[in-house]
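For the sequence shown, position 267 matches number 267 in UniProt numbering, and the numbering has no gaps at all.
Where a beta carbon is used, it is the ideal one built from N, C-alpha and C, also for glycine.
First up is the structure itself, then whatever we jot down about it.
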Amino acid sequence: MAQSGAKLRFLRKGRRPRHGGTAPSFSMTEAAKHAESTGSRRRLLVLATAVLVIVVPAVLFVGLLPRDEGAGPRQLRLINELALRRQEALAESLRGQVAELQAAVAAAERKAEAATQRAANYDTLALLVVNAPPGYPLWGPQSVENKYQYARRHGYGFLLENGLLNTSRPAAWTKVKALQTHMRMGHHKWLWSIDMDAVITNFSIEAHKLLDDRFDVIVSPDCNVLNTGSIFFKASEWSLQFLQRIWEREFDEPRAWWENAAFVNLHNEDEEVRRHVKVVEQRAINAYPPIICNRESSNWQPGDFVIHYPSLSHSEGFPEMIKQKIKEAAELNGL
């Protein structure tokens, strides 16, 4: 009985007898005993690590402080200050990370909004450029590139007509048929017809913000009459019919103005046409160089949207003049 009592005492303590006897008989398996032992060692290791990482440095730090009366409160104050500085450093680091995350989210949102806006812009507006033969080989490619880059910057459609859609008339009349053709396709709500001898000079101006759905046509006057070298047409049934009326007036005077003469005469004669046409200031969409009109409301100034050189395309020195303006526009607009 004495030996049994000893065994029970050692069992409660979880160890073997030191002097003789047999080991207590456990009900758990050897694997379970090993797991319990491993868990105990891990707990001890964690406790030891905590002591090494937290307690020992604190003791060493306190031990380095001056030992005089009142040192205890100072030591606590210094420890608190050190802890506060560490907290502030951590908080500052976290604030920086949060700011970076917020900036990244904002940039992603701006990118998504820009993509959405570009998709909307494509549906809203397309530039239509007619480069009918014989074209302008000395400066035509640069002019087309100017308009293409503007459309690309804002996500607008870009339509280039390189051929004659009707060989019985001068090339300028192709504009009318091209407008009708693309309106019937229905890809864009508005079409901006801009002549080859016009240059877009300010890419920061967004053409779709100039549109007005209360009207079907947006045009500007020059120093003589309305000019169709830079003109917006809404893709509506009314616009299609109006363009057909222009087409049917091939012999309107002055003949040298071609489709522009027919447009002006219809606008002057028909009150119903005037109700559908919005007339804006010339410099808003179709400014001229001083050599043509030489008046403040017409003369192109830095920051204006478009400069147009009507009737100058066959004059001496014009190729270099327009290429220089296209080059300046490219530099000013970061192309």
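Residue state for residue 285 is assigned as helix, using DSSP reduced to three classes. Judged by DSSP secondary structure, residue 146 falls outside any beta strand (DSSP E) and instead within the alpha helix (DSSP H) spanning 140 to 154. Residue 239: not part of any beta strand (DSSP E); member of the alpha helix (DSSP H) spanning 237 to 247, first to last residue.
Under a 10 Å Cβ-count criterion, residue 325 is classified as buried, with 16 or more other Cβ atoms of the shown protein chains found around its own Cβ. Contact annotation: residue 159 and residue 128 have beta-carbon atoms nearer than 8 Å. Per DSSP, the beta-bridge partners of residue 221 are 226. Contact between residue 187 and residue 157 holds: CB atoms are separated by about 7 Å, below the 8 Å threshold. With 16 or more other Cβ atoms from the protein chains shown falling within 10 Å of its own Cβ, residue 260 counts as buried. Residue pairing by DSSP puts residue 158 in a beta bridge opposite 127. Membership of residue 191 in any alpha helix (DSSP H) is not indicated; the residue belongs instead to the beta strand (DSSP E) covering 190 to 194.
Nearest C-alpha to residue 308 among 285, 152, 302: 285. About 18 Å separates the CB atoms of residue 153 and residue 232; that is not less than 8 Å, and the two are not in contact. DSSP links residue 203 through a beta bridge to no other residue. Between residue 243 and residue 176, the C-beta spacing is below 8 Å.
Residue 183 sits close to residue 240, with the two beta carbons spaced by under 8 Å. Cβ contact annotation for residue 122 (same chain, cutoff 6 Å, sequence separation greater than five): 155, 157, in chain order. Beyond the five residues adjoining it in sequence on each side, residue 255 comes within less than 8 Å, by CB distance, of 261 in the same chain, given in chain order. CA-CA distance, residue 212 to residue 93, rounds to 51 Å. Residue range 277 to 279 is occupied by the beta strand (DSSP E) that includes residue 278. By the criterion of a C-beta distance shorter than 7 Å, residue 223 is surrounded in its chain by 293, 295, 298, once the five residues flanking it on both sides are discounted. Taking C-beta atoms as the reference points, residue 146 and residue 329 count as a pair closer than 8 Å. Rounded to the nearest whole angstrom, the C-alpha separation of residue 237 and residue 180 is 10 Å. Taking a contact as a CB-CB distance under 8 Å, the pair residue 200 and residue 150 counts as one, their CB atoms being some 5 Å apart. Proximity to residue 171 across 196, 283, 270, 109 peaks at 196, based on C-alpha coordinates. Comparing alpha-carbon positions, the option among 283, 311, 246 lying closest to residue 269 turns out to be 246. Residue 267 is not a Cβ neighbour of residue 280, given a cutoff of 8 Å. Distance from the CA atom of residue 198 to the CA atom of residue 113, rounded to whole angstroms, is 31 Å. Counted as a single uninterrupted DSSP element, the beta strand (DSSP E) harbouring residue 308 occupies residues 306 to 308. With a threshold of 16 other beta carbon atoms within 10 Å, residue 251 falls short and is exposed. Residue 291 sits exposed, since fewer than 16 C-beta atoms from the chains shown fall within 10 Å of its C-beta. When the Cα atoms are used, residue 126 and residue 190 turn out to be separated by approximately 7 Å. The alpha-carbon of residue 132 is positioned some 32 Å away from that of residue 214.
One alpha carbon belongs to residue 315, the other to residue 208, and they sit about 33 Å apart. Taking all protein chains in view, the Cβ of residue 140 is crowded by 16 or more other Cβ atoms within 10 Å, so the residue is classified as buried. Apart from sequence neighbours up to five positions away, the residues of its chain that approach residue 166 with a beta-carbon distance below 8 Å are 173, 174, 177, ordered along the chain.
By the criterion of a C-beta distance shorter than 6 Å, residue 74 is surrounded by no residue of its chain, once the five residues flanking it on both sides are discounted.
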